[in-house]
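Residues 32 to 266 (the numbering used here) make up the sequence shown, in order. Glycine included, every Cβ here is placed at the ideal spot set by N, Cα and C. This report refers to the structure that appears directly beneath it.
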Amino acid sequence: MGRAFEFRKARKLKRWGAMSKTFTRIGKEIVIAVKEGGPNPDSNSRLRAVIQNAKAANMPKDNVERAIKKASDKNQGDFKETLFEGYAPHGIAILVETATDNNNRTVANIRSYFNKCNGNLGTSGSVEFMFDHTCNFRLNKEGLDPEELELELIDFGAEEVFDDEDGIMVYGGFADFGSLQKYFEENNIEILSSGFDRIPQSTTELSEEQQEDVNKLLEKIEDDDDVQNVFHNMA
């Protein structure tokens, strides 16, 4: 198996946040998608993807519809997506994806987490190059053969296809999201969820004590309401 398989296995060992945090994150993604492409999921591929993810997270349909309606209101503020880069203790690279309606607050908070935990908030491009930006899809495995599917998807940008207990996982380059999504929809392959990951090109082994130092910083960052995703290269 490749890096995407190992990355997913490691990520699944930790369930990300409470349900309320997940719903808040998805709510922001709905606002961003609606502001970008309108409230109709039939003509807004990004919104379709977010609705699929909301369903996978067991977010009530009423919540999703309210979020779309609220996002369509011209008085609803927008969320700015910002990527923060830095180093945790012991040289561990960290990428933090945020969605915020108050960038000054978010910058101040993220900087304070790094400072308090003996890390360093870097400049743009300081660690991003150490990660591959990928897209992923989790498919309903019924009637699908991963090996046959992989051969079909190579021309659409798929890099790894593997069977997972939650479905069939497909990973491709960030720019290939649209072509893969279109293929699945045109061939009536059910997309259970989809998203984007930043997979480290290499990982760093740390002692248990060193890992605790890094985890203190990761926990502070992940608890912030403006944070959508956190990626690192700690093994």
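Whole angstroms are fine: how far does the CA of residue j sit from the CA of residue i?
i, j, result
"Val245", "Phe54", "26 Å"
"Asn218", "Pro177", "15 Å"
"Ile252", "Val261", "8 Å"
"Ile61", "Glu96", "10 Å"
"Gly198", "Asn171", "5 Å"
"Phe208", "Met265", "26 Å"
"Lys52", "Ser143", "21 Å"
"Glu216", "Leu175", "14 Å"
"Thr137", "Glu183", "42 Å"
"Phe205", "Lys40", "20 Å"
"Ala102", "Asn140", "26 Å"
"Glu181", "Ala189", "7 Å"
How far does the alpha helix (DSSP H) with residue i in it extend, from its first residue to its last?
i, result
"Ile252", "239-253"
"Lys213", "208-217"
From what residue to what residue does the beta strand (DSSP E) around residue i run?
i, result
"Gly203", "198-204"
I'd like to confirm the pairing. Which residues does DSSP put opposite residue i in its beta bridges?
i, result
"Pro231", "Phe162"
"Glu116", "Leu126"
"Phe262", "Leu126"
"Gly226", "Asn167"
"Lys111", "Thr131"
Report the residue from the options whose alpha carbon sits nearest the alpha carbon of residue i.
i, options, result
"Ser155", "Arg136, Leu126, Tyr144, Thr137", "Leu126"
"Pro120", "Glu243, Ala88, Glu216", "Glu243"
"Val65", "Phe38, Asp109, Ala87, Ala35", "Asp109"
"Glu67", "Arg169, Lys111, Asp256, Asp93", "Lys111"
"Phe38", "Phe227, Asp254, Ser74", "Phe227"
"Ile268", "Gly58, Ser233, Glu191", "Since the displayed the chain opens at 32 and closes at 266, residue 268 lies outside it and no answer follows."
"Tyr202", "Cys148, Glu191, Arg229", "Glu191"
"Val158", "Asp186, Gly122, Lys147", "Gly122"
May I ask you to check if the CB of residue i is nearer than 6 Å to at least one heavy atom of the ligand GDP?
i, result
"Asp207", "Of ligands this structure carries none, so the ligand GDP is not represented either."
> Residue ranges of each alpha helix (DSSP H) run of no fewer than 4 residues wholly in the stretch 118-201, ordered along the chain?
Replying inline: 134-147, 177-184
>> List, from N- to C-terminal side, the beta strand (DSSP E) runs of 3 residues or more that fit wholly inside the stretch 46-85.
In response: none
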